[in-house]
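Below is one structure, written out as structure tokens; the observations come after it.
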Ligand code: NDP
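Residue numbers (our numbering): 114 to 588.
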């Protein structure tokens, strides 16, 4: 009986019932046992380790809020937040260039629509399974809230591997994928975008298929081409945003990117534009990576070398090792770049790409600022280490929110039918990143964790969604 109760009704098991010490017991906040809450989450969502990791971080961060505000406990906000509003899984059959039939699995997790239509990217990568999509969708709820724009949280994708596929294969796959997804999305329902393995080419094929099936030119995907409803600065937005965020962190110590050595991982969309913005702000990026290894160019990835990366990754779809061959620098196969001495690190590849050991190496080598362009790139013990060492640490849901924020600006332009200039979108993006930094900083301070932007971003993102859920009743 005890086991069944724990599965279906978590309430009696998480709460000590004790009044909180944070408010002297006056307001009647209830302490939550995060370990027991996580036992319940893990029992309900077995094997989804990335999702568990993302939930634990938020659950721990919002404890000071729960302690001071008993209504969040009363309305079981956290228990409701970890349960997606809707989860869609579907078959994606397609034919390869040899005429053989392939079958992949598609996902769309519509996690939370309290503050707007579901919004979040699609990831095409062989590692994709439900746990990855749920971690990304859960993070997206708080990230989207932080932008200050009316967008809910969602995420999707497939275990399809675009690497080595021809354009025709990618088109056949994406058309099949959209042939199911189209019935679940819409401009006021759910608006997907890109992520790993989904760039302008894939968004184009999916938009074409959606339009054909619905016979309607809807603002239903973002990251669209500039000729057909896309926004200027959307390609640049996540990378630029992560650097704007890092710049705000540096300013709190009277510092800037000028003369800084920067280590970047990844060489896709986020990494490419992070490098460009660092160059513009006077810093020097010395590494890029992909799943094969990393290149180290002590002279900096600038000018024609940056242009080469853009062509290599976006047109020729080659490996980063070709950079080393072309420009005669070092290439380290099978390694990540965190051993390279730097002032600032920008992880822009994938989740859990900075281990605790690598976090220690970065700090030991003098790195004093990390801004997460990728989603959840640092393992939890690494995050704790950065916080403990008081380096400037910008967690993903704050630091990389510029991409989705600019997607929301793309939606706004689509709704009124008027495109904005590059300067206007860039200015909006910059201001949004400044606001996210300030709001995260202020929330951390208010709840007794000054300077801890992990706690601050989680709390600032949580509050708006939690209050909206209460306003809208038990749905
Ligand atoms: P891309 O597909 O354009 O690039 C991904 C890069 O990361 C590639 O260099 C890829 O190398 C590398 N990479 C992917 N998986 C691994 C792995 N398991 N090990 C080592 N390297 C890997 O994706 P994006 O640049 O768009 O996304 C990068 C990160 O930023 C992701 O975490 C994504 O969720 C996050 N993000 C992206 C946003 C966007 O607007 N695009 C918005 C917010 C966050 P390879 O080609 O060899 O696989």
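In this text, a Cβ means the ideal position worked out from N, Cα and C, and glycines have one as well.
Note that the structure is a prediction, hence the values are computed from the model and not measured.
Worksheet item: What are the boundary residues of the alpha helix (DSSP H) that includes residue 610?
Response: As shown, the chain starts at 114 and ends at 588. That puts residue 610 outside it, with no answer to give.
Practice prompt. Please go through the same chain and pick out, in chain order, the residues whose beta-carbon is closer than 7 Å to the beta-carbon of residue 167, but skip the five residues on each side of it.
Written response: 248, 251, 252, 489
Discussion item. Less than 7 Å separating the Cβ of residue 529 from some heavy atom of ligand 1?
Written reply: no
Worksheet item: For residue 183 versus residue 560, is the C-beta spacing smaller than 8 Å?
Response: no
Worksheet item: Would you report the Cα separation of residue 363 and residue 327, rounded to the nearest angstrom?
Response: 47 Å
Worksheet item: What runs of the beta strand (DSSP E), each 3 residues or longer, lie entirely inside the segment 390-457?
Response: 400-403, 406-409, 443-446
Item to complete: Please classify residue 199: is it buried, with 16 or more other beta-carbons within 10 angstroms of its beta-carbon, or exposed?
Response: exposed
Worksheet entry | Identity of the residue in 524, 482, 562 nearest residue 357 by Cα | 482
Practice prompt. State yes or no: is the C-beta of residue 414 within less than 8 Å of the C-beta of residue 437?
Written response: no
Discussion item. On a Cα-Cα basis, can you pick out the residue from 291, 442, 256, 398 that is closest to residue 552?
Written reply: 256
Item to complete: Leaving out five residues on either side along the sequence, give the residues of the same chain with a beta carbon under 8 Å from the beta carbon of residue 499.
Response: 472, 476, 483, 491, 506
Worksheet item: Can you tell me whether DSSP reads residue 580 as helix, strand or coil?
Response: helix
Fill in: Segment contact, 8 Å Cβ cut-off, at least three pairs: the segment 385-404 with the segment 508-526
no
Worksheet item: What runs of the alpha helix (DSSP H), each 4 residues or longer, lie entirely inside the segment 152-224?
Response: 162-174, 176-181, 183-187, 190-194
Fill in: Assumed close pair residue 600, residue 512 - CB separation to whole angstroms, cut-off 8 Å
Because residue 600 is not part of the residues shown, which for the chain are 114 to 588, the question remains open.
Item to complete: Please confirm if the segment 257-277 is in contact with the segment 203-220, defined as three or more CB-CB distances below 8 Å between the two stretches.
Response: yes
Item to complete: List the endpoints of the continuous alpha helix (DSSP H) containing residue 323.
Response: 313-327
Worksheet item: By Cβ distance, which residues of its chain are closer than 7 Å to residue 262, with the 5 residues on each side in sequence left out?
Response: 518, 521
Worksheet item: Among all the DSSP beta bridges, which residues are the ones paired with residue 289?
Response: Answer by DSSP bridge pairing: none, since residue 289 is not bridged.
Worksheet item: By Cβ distance, which residues of its chain are closer than 8 Å to residue 170, with the 5 residues on each side in sequence left out?
Response: 493, 496, 567, 571
Practice prompt. Provide the residue span of the beta strand (DSSP E) that contains residue 305, from first to last.
Written response: 303-306
Practice prompt. Assuming residue 390 contacts residue 456 (C-beta within less than 8 Å), just tell me the rounded distance between them.
Written response: With a Cβ gap of about 16 Å, residue 390 and residue 456 do not count as contacting.
Discussion item. If distances are taken between C-alpha atoms only, which option among 539, 533, 480, 467 comes closest to residue 509?
Written reply: 467
Worksheet item: Taking buried to mean at least 16 other C-beta atoms within 10 Å of its own C-beta, is residue 563 buried or exposed?
Response: exposed
Worksheet item: In whole angstroms, what is the alpha-carbon distance linking residue 80 and residue 574?
Response: Examination of residue 80 is not possible in this model, given that the chain is present from 114 through 588 alone.
Fill in: Backbone secondary structure at residue 352 - three-state DSSP
helix
Discussion item. Just to confirm, is the Cβ distance from residue 323 to residue 295 under 8 Å?
Written reply: yes
Discussion item. With DSSP as the reference, identify every bridge partner of residue 236, one or two as the case may be.
Written reply: 270
Worksheet item: In terms of alpha-carbon separation, which member of 244, 313, 175, 318 lies closest to residue 464?
Response: 244
Item to complete: State the CB to CB distance for the pair residue 377 and residue 453, rounded to an integer number of angstroms; the pair is presumed to be in contact (CB under 8 Å).
Response: Not confirmed; about 10 Å, so no contact.
Practice prompt. Using 10 angstroms around the beta-carbon of residue 137, count the other beta-carbons present and answer buried if the total reaches 16, otherwise exposed.
Written response: Residue placement at residue 137 is flagged as unreliable, the pLDDT there being 36, under the threshold of 50; the coordinate-derived value follows with that caveat. Residue 137 comes out exposed.
Worksheet item: Does the Cβ of residue 257 lie closer than 7 Å to at least one heavy atom of ligand 1?
Response: no
Worksheet item: residue 396: which of 334, 404, 368 sits nearest, CA to CA?
Response: 368
Practice prompt. Tell me whether residue 482 sits in a helix, a strand or coil according to DSSP, three-state version.
Written response: strand
Practice prompt. Find the nearest neighbour of residue 334 within the set 582, 584, 535, 528, judged by alpha-carbon distance.
Written response: 528
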